[in-house]
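Novice: Have a look at this one.
In our numbering, the protein residues as written are 640 to 1064.
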């Protein structure tokens, strides 16, 4: 179940981004086409190609190569890593080749299928395999692959499973699956843009004996319970809507999620597309790396454990309930900070930075089988972030202080990436 949720996360993130940006199947360009191919490859392959949250980082590797390839051919933004003097040819051909080469390298089991997709794409777009842009894309991909080699995002073999400790306040594997921590190594992976995986470390969580902890504990205990909860029907609907893999939800395009006029006509170019997707994928990848580093550093227990053992936490305001169960099973990693909120905040904050405003009407779609309403429309990016904080509490997955810390982390990372990467030449 945890893996299914992460796979749906990858698709969900494209819905938010591409739907918000106003790209439909008619207006899609090569950058968004290949981003969808990348997301589909990552999300829709059985068995999953990248179990766990570290799959997010593969999209950033793809977009880094695409960005450098596109910008090398007359782009107006500084390269991320790879400089290609004298680059020429079709930016569309460069995009397709850069994305294909990275994906085939990262997922060799899909190389044949990706090769067919690549050739069919060039033919469909009237592009030749000897277009000069193909060589540009090849060089960009090779440079990024070399730069990200052995970056820790997918160590082989993976480290020994981490299951935590049975101590008060400390995370340990939770029922019913009692799985070890997913992608336990992610916090040590090499960041894409920020200076270190601790640069934006969250402040310490509230002490177990504090008033703030008790307040958030009792909130999740009440509205996040599986049975006898105080959740309203609308709150349950929010919990169900976001019971999905947000990466998948955000990164697969669907025509009914497209919002007309979301992007000014001048931004609908491969140069702008490559920059925006690069900024978003690097922001949420670096936010996840910091978040996972925090999860190992602070190691705070999940609500399911905390409430079951509340009588022993030293706080008289937190009554324990050994029979308490969360509305959704707690995922296999610690509470602090929230991964879902760090990712959502990084995406939303990047879009706020790109557009220079919070106000934007857009629609996102959920793949959750329990959601009665499959779409939600927002008029502000911050509204989507607010719902994500609430959803994780209603699901019984997080305490509010963990959600808020994740959001703050994601926003800080996004601001840093926006100011330091993809700047004008």
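Heads up, the beta-carbon is just placed ideally off N, CA and C, and yes, glycines get one too. Since the model is a prediction, treat every value here as computed from it, not as a measurement.
Quick test of your reading: residue 974 and residue 923, contact by CB under 8 Å. State the CB separation rounded to the nearest angstrom.
Specialist: Contact doesn't hold; Cβ gap of about 20 Å is too wide.
Novice: Whose CA, out of 751, 694, 672 and 976, lies closest to the CA of residue 791?
Specialist: Nearest option by C-alpha distance: 694.
Novice: Cβ of residue 1034 within 8 Å of Cβ of residue 882?
Specialist: Yes. Within cutoff.
Novice: Taking the alpha carbon of residue 828 as the point to measure from, which residue in 927, 764 and 779 has its own alpha carbon closest?
Specialist: Answer by Cα proximity: 927.
Novice: Report the start-end ranges of each alpha helix (DSSP H) in the segment 775-800 that is 4 residues or longer and not cut off at the edges.
Specialist: For the segment 775-800, not a single whole alpha helix (DSSP H) run of length 4 or above is found.
Novice: What residue from 842, 1009 and 700 has the CA that sits closest to residue 789's CA?
Specialist: Ranking 842, 1009 and 700 by Cα distance to residue 789 puts 700 first.
Novice: Rounded to the nearest angstrom, what separates residue 963 and residue 838 at their Cα positions?
Specialist: Using only the alpha carbons, I get a separation of about 37 Å.
Novice: Quick one: give me the first and last residue of the beta strand (DSSP E) that residue 1019 is part of.
Specialist: Run containing residue 1019: 1014-1019, per the beta strand (DSSP E) assignment.
Novice: From which residue to which residue does the alpha helix (DSSP H) around residue 921 run?
Specialist: Start and end: 909-937.
Novice: Three-state secondary structure (DSSP) at residue 803?
Specialist: Of the three classes helix, strand and coil, the one that applies to residue 803 here is strand, per DSSP.
Novice: Does the segment 731-751 come into contact with the segment 773-780, if we say contact requires no fewer than three beta-carbon pairs (one atom in each stretch) closer than 8 Å?
Specialist: Contact between the segment 731-751 and the segment 773-780 is present, because at least three Cβ pairs lie under 8 Å.
Novice: Three-state secondary structure (DSSP) at residue 1044?
Specialist: The answer is helix: DSSP assigns residue 1044 an H, G or I state.
Novice: Can you grab the Cα-Cα spacing for the pair residue 726 / residue 745, in whole Å?
Specialist: Roughly 25 Å between the two C-alpha positions.
Novice: Taking the continuous alpha helix (DSSP H) assigned at residue 1038, which residues delimit it?
Specialist: Here residue 1038 belongs to no alpha helix (DSSP H), and DSSP marks it neither H nor E.
Novice: Alpha carbon to alpha carbon, how far is residue 980 from residue 1070? Give it in angstroms, no decimals.
Specialist: Absent from the structure is residue 1070, since the part of the chain shown begins at 640 and ends at 1064.
Novice: Using DSSP with H/G/I as helix, E/B as strand and the rest coil, what is residue 888?
Specialist: Residue placement at residue 888 cannot be trusted, given a pLDDT of 48 that sits under 50; the coordinates are not used to answer.
Novice: What is the DSSP secondary structure of residue 658, reduced to helix, strand or coil?
Specialist: Confidence in residue 658 is poor, its pLDDT being 49 and thus under 50, which makes the residue's placement too unreliable to answer from.
Novice: Could you name the residues of the same chain whose beta carbon sits closer than 8 Å to that of residue 1011, not counting the 5 residues immediately before and after it, in chain order?
Specialist: For residue 1011, where only same-chain residues beyond five positions count, the Cβ hits under 8 Å are 876 and 879.
Novice: To the nearest angstrom, report how far apart residue 1009 and residue 913 are at their CA atoms.
Specialist: One C-alpha to the other measures close to 35 Å.
Novice: If you follow the alpha helix (DSSP H) that residue 859 is part of, which residue opens it and which one closes it?
Specialist: Element bounds for residue 859: 850-862.
Novice: In angstroms, rounded to a whole number, what distance separates the CA positions of residue 1060 and residue 724?
Specialist: Distance between the alpha carbons of residue 1060 and residue 724: 20 Å.
Novice: So, helix, strand or coil for residue 998, using DSSP?
Specialist: Three-state DSSP puts residue 998 in a strand.
Novice: Please return the same chain residues whose Cβ sits closer than 6 Å to the Cβ of residue 711, not counting the five positions on each side in sequence.
Specialist: 723, 726 and 775, listed in sequence order.
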